[in-house]
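Residue numbers (the numbering used here): 8 to 216.
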Amino acid sequence: MNIAELKRFIISIEIKALEKALVDGEGKSQFVSLVRDRIENLKREGTWIHQFEEEIPKTRSLSSELVIRSAVTGDFDRLLDIRRRASLTNKGDLDLIAAHPEWLVWDDALLPFVQVAVIDGKVVGFATALPVEDFLELEDLFTDPDWMRQGVASALIADISQRGLRIEVSANHHAKAFYESAGFVVVHVVNTIGEPQFRMHLYVTSNRN
């Protein structure tokens, strides 16, 4: 699958998920018109794709300072794009995601809990950490595929760690090695749709006085 084919696949999955959301919530949401507009924009985007290079885009070096800040409403489309493209970087997951297109739908209600990594004014990754009792649940951690393996995800985890709370995450086998390199340890394994997930914890020393 080349880049153009992958792009079309991502678009088709998101369209299916949004169309399903419309059917399930028809007349119940004030965002119906926005969802319909998004579907039309995606269809137009699909017709614009003609030819891309066959190889995966080369990663870029972090020549500029990486800044981490809280997400704002204007980041939403960029975060959604990063999330859907990063989710499909593992070809072994494509069939599973195709069977569950709703996994690529993201709720903007999560924005208050999101930190974004920014380089040269462009968002290149983000993390969602939800407070749950006495720990933080790492709900999302995604890096723009063009910036993977450049320290973006590690910087986001380091930023979250400054809050002084234990961080927990459910990781698949693709992500397990990364989280272990970041200091997470496997606590137990849970069964989920598709494959077992490793329940992992990062124990953080509190900086509170």
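Ideal Cβ placement from N, Cα and C applies to all residues, glycine included.
Simplified DSSP state of residue i, which is helix, strand or coil
{"i": "E26", "result": "helix"}
{"i": "D151", "result": "coil"}
{"i": "R206", "result": "strand"}
{"i": "L117", "result": "helix"}
{"i": "G171", "result": "coil"}
{"i": "L87", "result": "helix"}
{"i": "E60", "result": "Model confidence at E60 stands at a pLDDT of 37, short of 50, so the residue's coordinates are unreliable; what they give is reported in the following sentence. Coil, per DSSP."}
Same chain, Cβ closer than 6 Å to residue i, neighbours up to 5 away in sequence not counted
{"i": "Y210", "result": "R173"}
{"i": "F142", "result": "L172, R173 and E175"}
{"i": "V194", "result": "R206 and H208"}
{"i": "L87", "result": "W113"}
{"i": "I89", "result": "F149 and D151"}
Endpoints, the alpha helix (DSSP H) within which residue i is located
{"i": "D3", "result": "Residue 3 falls outside the range modelled here, since the chain spans only 8 to 216, and no answer is possible."}
{"i": "F191", "result": "Careful: F191 lies outside any alpha helix (DSSP H) and carries neither H nor E."}
Interface flag, residue i vs chain C, CB-CB below 8 Å
{"i": "P203", "result": "Judged by its chain identifiers, the structure shown contains no chain C, having just a single protein chain."}
Close beta carbons around residue i, own chain, < 8 Å, minus the five adjacent residues each side
{"i": "R76", "result": "Q122, V123 and V125"}
{"i": "E72", "result": "I126"}
{"i": "T212", "result": "G171"}
Limits of the beta strand (DSSP E) - the one that residue i falls within
{"i": "R218", "result": "Any question about residue 218 goes unanswered here, given that the chain covers just 8 to 216."}
{"i": "A184", "result": "Element bounds for A184: not the beta strand (DSSP E) but the alpha helix (DSSP H), H180 to S188."}
{"i": "L137", "result": "K129 to V139"}
7 Å Cβ shell around residue i - same chain, five flanking residues per side excluded
{"i": "F191", "result": "V176, M207, H208 and L209"}
{"i": "I46", "result": "I22, L25 and E26"}
Rounded distance between the beta-carbons of residue j and residue i, thought under 8 Å
{"i": "V160", "j": "G132", "result": "Reading off the sequence, residue 160 comes out as Ala, not Val. Right, the Cβ-Cβ distance comes to about 6 Å (below 8 Å), so this counts as a contact."}
{"i": "L118", "j": "A78", "result": "5 Å"}
{"i": "A134", "j": "D147", "result": "6 Å"}
{"i": "R85", "j": "V130", "result": "5 Å"}
{"i": "D115", "j": "F83", "result": "5 Å"}
{"i": "R91", "j": "E21", "result": "6 Å"}
{"i": "A189", "j": "I167", "result": "Contact flag wrong, Cβ pair sits at about 11 Å."}
Inspect the CB distances between the region 173 to 189 and the region 114 to 133 and report whether three or more fall short of 8 Å. No, the region 173 to 189 does not touch the region 114 to 133.
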